[in-house]
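Numbering (this note's numbering), first residue to last: 3 to 477.
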């Protein structure tokens, strides 16, 4: 027996299907597959083989599988051609990027039941465009994609659904017009507001981390027992815009541990605006994405977003078509600086090396004893001036050499004595114990001379007074 959610056994090319409205469809070649289904080229002209340039595809899976069933419910409710045309007219939109639903039904083949859905044929996905451009898009393209997706989400939300899995792999370029971008794959879509009554907020950790881990909302990380909400869709979009603009996300190395990804996203939102502004890349600031995420942060679980304001936040002076070429900053740098640079990414250039004199080089080669590492304080007073600047390596060597000379002079002038005997051991003038004694210092010699001089003076005065006393007797 086949496992649930296994890819179905392919139906033969040319197989005919009949939808619930009795329209017939002819299958062509398979052109792709999803998580649990196959995608076929299809045509409503059942009398001839399906052309390679047909405008329709059919998604097919086993009847017991779930994703196509969930997706089908959204398409039947919100993606019919007449409903979208009416919306575009009211909102004055020239384009709305939601694939059109054309029919669905059940089929049997070799005792197996299948479910199918016919829809617009789409082109390549945005993920391939990202890989081609080095994982990063030009800022004007990111903002243009953001405004288009806000229009799509507003329509989806007004029809009581949330998408819950916005990412580049689910954004498809038009088959005829690659300037048109569609949001596809509604397998995780959920009806958050049936009959106008919003689901209540209720966390359930057992259902946590649902969706694509890189982009899923904080609500989905926590786990919601009932349904995600509109603010969750917008937060997912904000993370996508940040990734497309910067080429990476702060938590991209943590994807194997969902709780750490959740913590990293919480830190980013808690520290807005700086946390996003610091991710600005050269040539493209993140100001608009920061403003977008900051607004989404203010929304309550059941609050209706101001979609018009969100589009204003993502406004751009660029009015041309989508440009998927490699950004200059991704291709090797841009001369244009962002309005706010990444503060932690500034690198100071090292100072240029100065020429070192030969005598300093000679001093460097001599080992310095440990006791000479620190020298005496400078005797010359320092005049007040600019803040102290650290010495260069050359100044340090010269300063240390001067200190070493001072210490050697002090050592030569020192003598060590034994106080317990009559002998005195001198440290000679050559620094060796027992060498020739050093001469007395000038200060000591001057002291002895003064003492003998004053003693002689006193002796002379005393003798003179004695002579006077004998020669001149009183009358």
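Cβ coordinates follow ideal geometry from the N, Cα and C atoms, glycine included.
Small disclaimer: the values here were computed from a predicted structure and weren't measured.
- Secondary structure note for residue 59: its beta strand (DSSP E) is the uninterrupted segment 58-64.
- When the beta-carbon positions are compared, residue 65 and residue 123 stay at least 7 Å from each other.
- Here residue 21 carries a coil assignment [DSSP, helix/strand/coil].
- With contacts defined as CB atoms closer than 7 Å, residue 120 and residue 105 qualify as a contacting pair.
- Sequence-distant partners of residue 248 (beyond 5 residues in either direction) whose C-beta falls short of 6 Å from its own C-beta, in its chain, are 281, 283.
- Counting along the chain, residue 157 sits inside the alpha helix (DSSP H) bounded by residues 141-160.
- Inclusion of residue 278 and residue 271 in the CB contact set at 7 Å is not warranted, their separation being larger than that value.
- The alpha carbon of residue 323 has as its nearest neighbour, out of 225, 147, 117, the alpha carbon of 147.
- According to DSSP, residue pairing for residue 121 in a beta bridge involves 59, 103.
- Inter-segment contact for the region 41-49 and the region 67-86 is absent: fewer than three beta-carbon pairs are separated by less than 8 Å.
- The region 242-262 and the region 131-142 touch, with three or more beta-carbon pairs separated by less than 8 Å.
- Here residue 143 has 324, 325, 326 as same chain residues with Cβ atoms under 7 Å from its own Cβ, once five neighbours each way along the sequence are excluded.
- DSSP places residue 28 inside the beta strand (DSSP E), whose first and last residues are 26-35.
- Ranked by Cα distance from residue 17, the options 91, 239, 29 are led by 29.
- Contact between the region 148-164 and the region 295-312 is present: three or more C-beta pairs spanning the two stretches fall below 8 Å.
- Judged by DSSP secondary structure, residue 316 falls outside any alpha helix (DSSP H); it is assigned neither H nor E.
- A check of alpha carbon separations from residue 214 across 172, 183, 152, 202 identifies 172 as the nearest.
- Using a Cβ distance threshold of 7 Å, residue 205 and residue 224 count as a contacting pair.
- Following the DSSP letters along the chain, one finds residue 137 in no alpha helix (DSSP H), marked with neither H nor E.
- Counting of Cβ neighbours within 10 angstroms places residue 258 among the exposed residues, the total staying below 16.
- In this structure, the CA atom of residue 267 is about 21 Å from the CA atom of residue 145.
- Residue 293 sits in a helix when the DSSP states are folded into three classes.
- Straight-line spacing of the CA atoms in residue 210 and residue 240 works out to 20 Å.
- Where residue 266 is concerned, the enclosing alpha helix (DSSP H) starts and stops at 260-272.
- Pairwise C-beta distances place the region 172-188 in contact with the region 95-102, as three or more of them are shorter than 8 Å.
- Residue 93 is positioned such that its CB atom lies no closer than 7 Å to that of residue 316.
- If you check the CB distance, residue 217 and residue 169 come in under 7 Å.
- Counting only the Cα atoms, residue 311 lies some 9 Å from residue 294.
- Taking 7 Å as the cut-off, the Cβ atoms of residue 235 and residue 314 do not count as close.
- Residue state for residue 236 is assigned as helix, using DSSP reduced to three classes.
- Ranked by Cα distance from residue 53, the options 265, 125, 32, 43 are led by 43.
- Within the region 155-220, the complete beta strand (DSSP E) runs of at least 3 residues fall at 173-176, 183-185.
- In its chain, beyond the 5 residues on either side, 162, 163 have a beta carbon closer than 7 Å to the beta carbon of residue 193.
- In the displayed model, residue 305 falls within coil according to three-state DSSP, outside both helix and strand.
- Residue 45 sits in a strand when the DSSP states are folded into three classes.
- Each of 85, 15, 463 was checked against the Cα of residue 60, and the nearest Cα belongs to 15.
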